[in-house]
DNA sequence: ATATTTTTTTAGTCTAAACTAAATTTATAA
DNA sequence: TTATAAATTTAGTTTAGACTAAAAAAATAT
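Chains as they are written, first to last, in our numbering: chain A, 144 to 358; chain B, 144 to 358.
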């Protein structure tokens with residue numbers, strides 16, 4: 144498989160998590176920052192290889208084969224992220240682009256050995272689950288902060304948006320994986336909330352609470 | 144730079160080590176396992192980018208810019224090899240193809256941090272010198288076993304041929320970096336020699352002694 | 001129910017990197 | 001020194017992956 148094919152599979156996989164029907168050409172083009180016509184070209188090629196199911200004008204779905212490939216790429220990406228943060232001292236907002244490259248390196252033994260070296264981590268630096276060698280994702284029980292209830296003990300366990308800007312925002316607020324959070328107040332009007340974190344009371348917007356996973 | 148351009152630069156660099164004039168199109172095609180016409184195409188592109196000096200029918204030479212790029216690729220390749228062997232438990236005959244892929248990953252910080260993580264190694268698992276960040280190669284004093292003299296204390300410090308088959312041959316003879324070697328006898332007829340290594344006397348061909356660096 | 005808008009596909013173009021076959025230049029040998 | 005051989009370049013094709021513009025299909029709105 145080429146890098147480009149792998150990127151398509153990965154994106155189709157991610158889009159599939161929020162939809163149980165076919166993924167549209169436009170949605171893929173959008174996520175890939177490319178054009179619908181390019182997407183049509185590629186999904187036809189992926190369909191020829193039995194990696195996706197495709198009927199004209201109906202969007203695509205991953206086949207079992209395609210899903211396995213996609214999950215393997217996710218596994219590689221997340222393992223590399225762990226490596227970069229825990230061994231090479233990168234911060235969680237610096238690893239995405241590098242892992243994007245490393246995820247295409249082709250060597251099963253490399254990934255097995257890396258996994259072992261990292262002591263079989265189950266989540267990446269953003270709290271996302273790492274598929275094991277068999278392609279099974281550890282089920283992580285988690286909930287959006289925006290949907291949690293007032294005055295309960297919550298732990299920050301992951302981000303929904305792992306963009307650099309959001310991660311840096313969290314750094315600035317001193318919120319990191321494992322931080323304890325308590326919701327002190329919710330504002331009906333704009334769904335903002337006052338939370339207690341690290342002994343500090345701060346106000347966060349709905350946009351923020353929608354991108355924080357807690358347990 | 145594309146992967147292909149990087150591969151060309153790297154090969155031209157390696158060929159330059161054995162020649163101080165222009166590197167021929169044929170030599171490059173041979174080393175790349177490709178065709179001379181493809182090489183001509185590429186070196187014209189590299190010349191446009193000021194990475195090589197090229198005059199039709201006269202072969203190429205790296206410019207300073209090209210040499211720097213090539214050395215940086217060699218640096219990345221060798222650092223990754225060290226990582227694979229010393230951290231991930233690979234054997235020295237297993238790392239070449241993986242490092243061939245990893246050498247194209249693009250991130251200066253990644254390489255700096257990797258270098259530090261590995262504690263600034265000066266040679267790779269085959270005894271080849273690792274250029275530092277500035278592109279300087281540590282001068283390693285070494286000599287071919289085939290050119291060493293009888294009855295002196297020698298140390299095996301590197302291989303000239305790092306093909307899987309040669310490395311596995313050395314493994315089978317229990318010869319590894321750091322092994323002490325003494326030449327007991329040289330055979331004029333075919334330049335084979337009897338050596339003492341690890342308390343064992345073995346006969347090695349000229350082909351073998353020509354691919355072993357000692358100090 | 002038809003017209004309009006949106007989405008998707010098709011057709012054709014472009015670039016990178018390879019190739020083959022033919023032409024040209026350089027090297028070698030009679 | 002000319003003829004032949006070898007090396008190199010050029011010209012033209014191919015494939016992958018992108019693109020634009022136009023055509024076609026599906027969705028939506030009047």
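Even for Gly, the Cβ is constructed at its ideal location relative to N, Cα and C. What you are looking at is a predicted structure, and each value in this text was computed from that prediction instead of being measured.
Residue 334 (chain B) counts as exposed, since fewer than 16 other beta carbons sit within 10 angstroms of its beta carbon. A residue is called buried once 16 or more other Cβ atoms fall within 10 Å of its Cβ, and residue 336 (chain B) is buried on that count. Residue nearest to residue 241 (chain A) within the set A:257, A:223, A:252 and A:193 is A:223 (criterion: CA-CA distance). A contact between stretches requires three or more CB pairs, one per stretch, nearer than 8 Å, and the stretch 259-267 of chain A fails this requirement with the stretch 153-165 of chain A. In the three-state reduction of the DSSP assignment, residue 315 (chain B) falls in the helix class, which pools H, G and I.
With respect to chain A, the C-beta atom of residue 241 (chain B) has a partner C-beta closer than 8 Å. Fully contained in the stretch 267-315 of chain A are the following beta strand (DSSP E) runs of length 3 or more, in chain order: 297-302. In this structure the stretch 194-201 of chain A does not touch the stretch 239-254 of chain A; the number of beta carbon pairs closer than 8 Å is below three. At a cut-off of 8 Å between beta carbons, residue 229 (chain B) makes no contact with chain A. Using a CB distance below 7 Å, the part of the stretch 238-264 of chain A facing chain B consists of 241, 244, 245, 248, 249, 250, 253, 256, 257 and 260, ordered along the chain. Under the Cβ distance rule, residue 161 (chain B) does not count among the residues neighbouring chain A, no pair being separated by less than 8 Å.
Not flagged as an interface residue toward chain A: residue 309 (chain B), since no C-beta distance is shorter than 8 Å. In terms of beta-carbon proximity, residue 232 (chain B) lines the interface with chain A, with at least one pair separated by less than 8 Å. Secondary structure at residue 191 (chain A): helix, using DSSP grouped into helix, strand and coil.
In the three-state reduction of the DSSP assignment, residue 208 (chain B) falls in the helix class, which pools H, G and I.
Counting only residues of its own chain and dropping the five nearest sequence neighbours on each side, residue 281 (chain B) has a CB closer than 6 Å to the CB of 265 and 272.
Taking C-alpha positions only, residue 215 (chain A) is separated from residue 332 (chain A) by approximately 43 Å. A contact is defined here as three or more CB-CB pairs under 8 Å, and the stretch 168-180 of chain A fails this definition with respect to the stretch 204-211 of chain A. For residue 356 (chain B), the enclosing beta strand (DSSP E) starts and ends at 355-357. Within the same chain, Cβ atoms closer than 8 Å to the Cβ of residue 187 (chain B) are found at 197, the five residues on either side in sequence being excluded. Nearest neighbour of residue 148 (chain B) by Cα position, chosen from B:246, B:201, B:162 and B:230, turns out to be B:246. In the assembly as shown, residue 269 (chain B) is a buried residue. Its beta-carbon has 16 or more other beta-carbons within 10 Å. Linking residue 166 (chain B) to residue 275 (chain A) through their CA atoms gives a straight-line distance of about 48 Å. As the crow flies, the alpha-carbon of residue 205 (chain B) is around 13 Å from that of residue 185 (chain B).
Boundaries of the beta strand (DSSP E) around residue 327 (chain B): 323-329.
If you check the CB distance, residue 357 (chain B) and residue 324 (chain B) come in under 8 Å.
For residue 340 (chain A), no alpha helix (DSSP H) encloses it; the enclosing beta strand (DSSP E) starts and ends at 336-340. Sequence-distant Cβ neighbours of residue 182 (chain A) in its own chain, meaning closer than 6 Å and more than five residues away, are 168, 171 and 172.
In terms of Cβ geometry, residue 338 (chain A) and residue 327 (chain A) form a close pair [threshold 8 Å].
Remark: C-beta atoms of residue 287 (chain B) and residue 329 (chain B) do not approach each other more closely than 8 Å. Residue 322 (chain B) is not a Cβ neighbour of residue 302 (chain B), given a cutoff of 8 Å.
With fewer than 16 other beta carbons inside 10 angstroms of its own, residue 277 (chain A) counts as exposed. From the listed residues B:355, B:180, B:307 and B:163, the smallest Cα separation to residue 300 (chain B) is found for B:355.
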